[in-house]
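Engineer: Everything in the sequence shown is counted per our numbering, starting at 71 for the first residue and increasing by one.
My structure is below; once you've seen it, I'll send some questions.
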Amino acid sequence: MSWGTELWDQFDNLEKHTQWGIDMLEKYIKFVKERTEIELSYAKQLRNLSKKYQPRKNSKEEEEYRYTACKAFLSTLNEMNDYAGQHEVISENMTSQITVDLMRYVQELKQERKSNFHDGRKAQQHIETCWKQLESSKRRFERDCKEADRAQQYFEKMDADINVTKADVEKARQQAQLRHQMAEDSKAEYSSTLQRFNQEQWEYYHTHVPNIFQKIQEMEERRIVRIGESMKTYAEADRQVIPIIGKCLDGIVKAAESIDQKNDSQLVIEAYKSGFEPPGDIEFEDYTQPMKRTVSDNSLSSAKEGKPELKFGGKSRGKLWPFIKKNKLMSLLTSPHQPPPPPPASASPSAVPNGPQSPKQQKEPLSHRFNEFMTSKPKIHCFRSLKRGLSLKLGATPEDFSNLPPEQRRKKLQQKVDDLNKEIQKETDQRDAITKMKDVYLKNPQMGDPASLDHKLAEVTQNIEKLRLETQKFEAWLAEVEGRLPARSEQSRRQSGMYDGQTQQPVTNCAQDRESSPDGSYTEEQSQESELKVLATDFDDEFDDEEPLPAIGTCKALYTFEGQNEGTISVVEGEMLSVIEEDKGDGWTRIRRNEDEEGYVPTSYVEVYLDKNAKGS
71 MSWGTELWDQ FDNLEKHTQW GIDMLEKYIK FVKERTEIEL SYAKQLRNLS KKYQPRKNSK
131 EEEEYRYTAC KAFLSTLNEM NDYAGQHEVI SENMTSQITV DLMRYVQELK QERKSNFHDG
191 RKAQQHIETC WKQLESSKRR FERDCKEADR AQQYFEKMDA DINVTKADVE KARQQAQLRH
251 QMAEDSKAEY SSTLQRFNQE QWEYYHTHVP NIFQKIQEME ERRIVRIGES MKTYAEADRQ
311 VIPIIGKCLD GIVKAAESID QKNDSQLVIE AYKSGFEPPG DIEFEDYTQP MKRTVSDNSL
371 SSAKEGKPEL KFGGKSRGKL WPFIKKNKLM SLLTSPHQPP PPPPASASPS AVPNGPQSPK
431 QQKEPLSHRF NEFMTSKPKI HCFRSLKRGL SLKLGATPED FSNLPPEQRR KKLQQKVDDL
491 NKEIQKETDQ RDAITKMKDV YLKNPQMGDP ASLDHKLAEV TQNIEKLRLE TQKFEAWLAE
551 VEGRLPARSE QSRRQSGMYD GQTQQPVTNC AQDRESSPDG SYTEEQSQES ELKVLATDFD
611 DEFDDEEPLP AIGTCKALYT FEGQNEGTIS VVEGEMLSVI EEDKGDGWTR IRRNEDEEGY
671 VPTSYVEVYL DKNAKGS
């Protein structure tokens, strides 16, 4: 593949192509130059950003950087400064190793191209000169031949005429001989010129042009190789700083891990602790002796009710909770406080040892409810709930996924079977490759020892057997689950009946233990309930004109749930309802049915579809 033999007649096109190659190289140089400018600009902006957020000396900001979070932020700023320095290194390396080098090479390439095409044009001019000489000698030979023919014809005419003198005939004969001699001389010159031209033309197309075009081809190939090497250098300039950039990022992570919230809290105590003791109780001042004081109209309890006034830290009913809506308050006062039941693990009631049971909501004193409302702390009702939560958090999942609902268990088992099949296919391909290599070694012992592959082959075969046994185990579980899964309507009826039976069983939880405890904390159950009703009545009077909470999405019941507690609502599998309050971390979701019936259901029993607009707001 040579341009001299394949492109012997494409001198002008090669000249255009090589010029295009130089233009391409200059375009790449311009690209790298603009990239270096971008890197410098980016580094400058990063340094300015780091400098902008540095703490000013002798200012209040400098005192704030004693906290670990602020120290970590300061370390982040310093690391970003070093990060900017690496981008400056990228710019410098690209400028010195690519831009400057390629600009010098472009100048050399232009000179070499100019020299090669100058030699080509010189060879073209020489062959054109030889062609002109050949044409001139050819025309001269043609002219002399015609003159010789005319002279011969004239001589023959004079010789045949008896009236012409002998001297005239002799003169015509001599003239004819002279013309014939001139024609012979022209013929010899034309023949010599033709041979010389053919020789020059052969050397031009078989020697000069191939050599010149070969030089041009080599020049063009060097240009292509050079631009490829420059692209590699371009990538290496980035790769060289990656380790240092990684160290900068590791420094940021290390600074983040050094944050100590306890230390910062202690620093806040040290900074703002007054040292004074909290004030004591205010003594009661009795003003009933000089006069009878009337009951305030803003009191929470009315005189005609005859109930003792409930004091929650405010003097008037209108100032109790000015920033809390009635629906939110009542939901906090009446929402279930027991951890929600886990979703059913299978279609058989015996497969659920603890059983998904409706939370038995016991009535608690109003002071307890209000205390929880004000503190908003999660409540652990019993050791069993705590143990179950810890086991779920620690990820103690059974191998057969029996803790999941049937459909989810089937999906998990199917995914596991697919993964095992992929592993088997991978090991099988490896075994086939080893077998082929062993066959090659058997046919060509000089390439390797076939016995050296036996151990590896046995190991791969053993792995395949283990994976197949594992696959069979999971396929058996999968077949069992698929055999148990009924149609959707039948499954709904079975689950509904199963949970009805389970909810009728006696449940021993901490709420019942507290109700039957001898400490007397629940002896005021009736009075506390009446006080809660009084409080709800007062809040209803104050928020009569308030609209119900808007729906923020919809949900679909995955399982049947029998809500037998105060504040809960019963749902049937497959039922669609409106969501009016998301799960706040306690495992319960607030839903509504038909705009007039609402309550809480376990979050794990429903699939929630939140409205994007409501979620964003």
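Every residue, glycine too, gets a C-beta built ideally from N, C-alpha and C.
Small disclaimer: the values here were computed from a predicted structure and weren't measured.
1) Got a sec, what are the start and stop residues for the beta strand (DSSP E) Trp73 sits in?
2) Three or more C-beta pairs under 8 Å: does that hold for the stretch 293-301 against the stretch 197-209?
3) Excluding five sequence neighbours on each side, which residues of the same chain lie with their C-beta closer than 7 Å to the C-beta of Thr138?
4) Is DSSP giving Ser207 helix, strand or coil here?
5) Can the beta-carbon of Ser120 be found less than 8 Å from the beta-carbon of Leu147?
6) Comparing C-alpha positions only, which one of Thr498, Glu643, Lys343 and Glu668 sits nearest to Tyr675?
7) Where does Val510 land, buried or exposed, given buried means 16+ other C-beta within 10 angstroms?
8) State buried or exposed for Arg662, treating a residue as buried only when at least 16 other CB atoms are found within 10 Å of its CB.
9) What does a CB cutoff of less than 8 Å around Ala218 pick up in its chain, not counting 5 residues either side in sequence?
10) Determine whether the beta carbon atoms of Ala627 and Val649 lie at a separation below 8 Å.
11) Let me confirm a value: Arg183 is counted as buried when at least 16 other C-beta atoms fall within 10 Å, else exposed. Which label applies?
12) Please report the Cβ distance between Tyr304 and Ile168, rounded to the nearest whole angstrom; I am assuming they are in contact, meaning their Cβ atoms lie under 8 Å.
13) Check the DSSP bridge columns for Tyr679 and list the partner residues they point to.
14) What is the DSSP secondary structure of Tyr304, reduced to helix, strand or coil?
15) With C-beta atoms as the reference, is Lys526 less than 8 Å away from Ile504?
16) Taking three-plus beta-carbon pairs below 8 Å as touching, is the stretch 665-673 in contact with the stretch 632-640?
17) Output yes or no for whether 8 Å exceeds the beta carbon distance between Glu107 and His157.
18) With 16 other CB atoms within 10 Å as the buried threshold, where does Val170 fall?
19) So, helix, strand or coil for Val642, using DSSP?
20) Looking at the secondary structure, which residues open and close the beta strand (DSSP E) in which Ile661 lies?
21) Please report the straight-line C-alpha distance between Gln80 and Asp152, rounded to a whole angstrom.
22) Where Gly518 and His278 are concerned, what is the direct C-alpha to C-alpha distance, given to the nearest angstrom?
23) Cα-Cα, which of Ala258, Asp229 and Asn233 is closest to Gln244?
24) Spell out the partners DSSP gives Phe631 in its beta bridges.
25) So the candidates are Glu226, Asn268 and Phe187; which of them puts its Cα closest to the Cα of Gln284?
26) Excluding the five sequence neighbours on either side, which residues of its own chain have a C-beta within less than 7 Å of the C-beta of Lys141, listed in chain order?
27) Along the chain, where does the beta strand (DSSP E) containing Tyr342 start, and where does it finish?
28) Is the beta carbon of Arg660 less than 8 Å from the beta carbon of Glu667?
29) Within 10 Å of its beta-carbon, does Gly190 have 16 or more other beta-carbons around it, so buried, or fewer, so exposed?
30) According to DSSP, simplified to helix, strand and coil, what is Pro672?
31) Looking at the ligand HEM, does it come within less than 7 Å of Asp489, judged from the CB to the closest heavy atom?
32) Please report how far the alpha carbon of Pro349 lies from the alpha carbon of Leu337, in whole angstroms.
33) Alpha carbon to alpha carbon, how far is Lys481 from Pro618? Give it in angstroms, no decimals.
34) Are there 16 or more other CB atoms within 10 angstroms of the CB of Arg126, so buried, or fewer, so exposed?
35) For Val649, write down the residues that DSSP places opposite it in a beta bridge.
Structural biologist: Reading off the structure:
1) Here Trp73 belongs to no beta strand (DSSP E); instead the alpha helix (DSSP H) covers Trp73 to Glu76.
2) no
3) Ser328, Ile329, Asp330, Asn333 and Asp334
4) helix
5) yes
6) Glu643
7) exposed
8) buried
9) Ala246, Arg249, His250, Met252 and Ala253
10) no
11) buried
12) 6 Å
13) Thr624
14) helix
15) yes
16) yes
17) no
18) exposed
19) coil
20) Trp658 to Arg663
21) 56 Å
22) 54 Å
23) Asp229
24) Val641
25) Phe187
26) Tyr135
27) Not the beta strand (DSSP E): Tyr342 falls in the alpha helix (DSSP H), residues Gln331 to Tyr342.
28) no
29) buried
30) strand
31) As far as ligands go, the structure on display features none, and thus does not contain the ligand HEM.
32) 25 Å
33) 39 Å
34) exposed
35) Gly623 and Ile661
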